Every structure is written in C-alpha cells, then in structure tokens.
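In what follows, a structure is listed as structure tokens, so that the remarks can point back to it.
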Amino acid sequence: MEPQKNCVFVRYRINGTLVLVHKIEHKEYAVLVSKIKVKANMDITEKRKPQDGKIVVTYNNLKYDLRISSIPVVYGEKIVIRILYCDNFAYKLEDLGFTEDNVKLIRKIISIKNGLILACGPTGSGKSSTLYTILKELDSKSLNITTLEDPVEILLPNINQMSLNKKLNIDFSNGLRSILRQDPDVIMIGEIRDEETANMVVLNLNYKE
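Residue numbers (our numbering): 482 to 690.
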C-alpha cells in the first residue's frame, strides 16, 4: 500500500510484477494502517521510523503468517504485507523449480560434512522455501539442527528454531555465539547482516557441519 499525493495505491505482486488493484482515500487508509499496526503489535503512535510486525490469520482452515513492514514516505506510511503459508510445509526440492541436475547437485552439496551454503536473492525469490526444504532433506532425528531467524517463518518438526529478540538483545551475532555452545551439527542463519556475524560464520565453517 503506497501513499500518493491524492490517494493510496493498493498493489499486488503477481508473478513478480506489481499490479494496481485498488485506490483508497488517505482518511480511509489512516484507519486501516492503525488497525493493521494494532494487530501486528506495532507502535501506532510511531510514524517516523520503519517498523516490522506479524499477524497470524486462519482462512479456509489454513494458517497464514502476515509479515508487516512499514516505512515513512513523503505522503504517509508505506505498508507491505508478505503472506506466508505456515501449516504443513511439505515442499521437496523437486517442487521448487530446480532442474533434475540441480536437485542432484544440491543433494550432493548438503551431504558434505563441512562447509557453507549461501542462499542469495531478492525478496520473494524463494530463499526461505529453499532453505527450509534443505533442512527437511537432512536427517533431523540424528542431527542437532538449529536455526536463527528473524522471525521464525515456518515451524519444522525436529528442528530447533530460535528467533531474534531485540528487547532481550538477541541479534544474529550473539544468537549465533549461543548456538555454537549447543553442540550443533547444522546451523541455518536467516540473514548475515553485519561484519561480526559474517566473521563468526567463516571462522566456524569447520565446527562440525
């Protein structure tokens, strides 16, 4: 939802392209933003700083996470909502659009005991789905697999998933430091945002796996 001078654009991303589907008045939009921020546990009085939040909804007996992001722009607050399906994550590598050769290559790579796998790409390109699918490929019953995410997007069985907590000063660097004390076999880090975290990742490549 993008505030313009005379109205607010509501656009959907369909097959990678943003499509204008609706226009609403600023007065109506202000009420909508307040309701979204309340449900997402965001500060409705703060309009000058970027904020993130989350709303869990159920539709047709299926559970979805709505990830809310707000930033201040010239004509108000721009809101982006990412819709994540969070029940019964059942993807396989073959379901993600990889070629048969690439699926074989990925399975060969994740069978290696030590090393680093980087999943890179823009928002919405499938990084999270790929990483979660790789985790499901691993034998989680015999391995200590731990993730560090901001936030946990999809709950996986037999996986130890840890979420960042700004209020408790749990960021990627000190969260990773704590995980390394937990005798992990595999660590999945949602993002590498700073030099300290990157250095810790590189220094611990041969920790186990």
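Quick reminder that beta carbons are idealized off the backbone N, C-alpha and C, glycines included. In this text the structure is predicted, and so the values were computed from the model without any measurement.
- [ ] Please name the residue, chosen from Gly497, Glu509 and Gly596, that lies closest to Asn487 on a Cα-to-Cα basis.
- [x] For Asn487, the nearest C-alpha among the options comes from Glu509.
TODO: Determine the DSSP secondary structure at Tyr545, reduced to helix, strand or coil.
DONE: Judged by DSSP in its simplified three-state form, Tyr545 adopts strand.
- [ ] Pull up the CB-CB distance for Val683 and Ile670, whole angstroms please, since I reckon it's below 8 Å.
- [x] At roughly 12 Å, the Cβ-Cβ gap does not stay under 8 Å, so Val683 and Ile670 are not in contact.
Task: Nearest to Lys520 (by Cα), restricted to the options Glu527, Gly534, Arg529 and His507 - done: The residue among Glu527, Gly534, Arg529 and His507 with its C-alpha nearest the C-alpha of Lys520 is Gly534.
Open item on the list: Closest to Tyr566 by C-alpha separation, out of Gly607, Glu581 and Asn641, would be which residue?
Closed with: Closest option to Tyr566, Cα to Cα, is Gly607.
- [ ] State whether the stretch 619-633 contacts the stretch 660-668, with contact taken as three or more CB pairs (one from each stretch) at a distance under 8 Å.
- [x] Yes, the stretch 619-633 touches the stretch 660-668.
Open item on the list: Checking the sheet assignment: what are the DSSP bridge partners for Phe490?
Closed with: In the DSSP secondary-structure assignment, Phe490 is bridged to Glu483 and Lys504.
Task: Reference Leu513; option with closest CA among Met482, Gly602 and Ser592 - done: With distances taken between Cα atoms, Leu513 lies closest to Met482.
Task: Tyr572 to Leu661 span [Cα, whole Å] - done: Whole-angstrom Cα-Cα distance: 28 Å.
Open item on the list: Quick check: the Cα distance between Arg674 and Leu645, rounded to an integer number of angstroms?
Closed with: Their Cα atoms are separated by approximately 13 Å.
Task: Reduced DSSP category for Ile495 - H, G, I as helix; E, B as strand; rest coil - done: Correct three-state label for Ile495: strand.
- [ ] From the DSSP output, read off the bridge partner residues of Gly534.
- [x] According to DSSP, which records beta bridges pairwise, Gly534 is partnered with Ile549.
Task: Boundaries (first-last residue) of the beta strand (DSSP E) holding Ile626 - done: First-last of the beta strand (DSSP E) with Ile626: Ile626 to Glu630.
Task: Entirely enclosed beta strand (DSSP E) segments - the stretch 551-598, minimum 3 residues - done: List check, beta strand (DSSP E) in window: 557-566.
- [ ] Please confirm whether Leu574 and Ile635 have their CB atoms less than 9 Å apart.
- [x] One thing to note: Leu574 has its Cβ no nearer than 9 Å to the Cβ of Ile635.
Task: Cβ neighbour criterion (16 or more within 10 Å) applied to Gln692 - done: Missing from the structure shown is residue 692; the chain here goes from 482 to 690 and no further.
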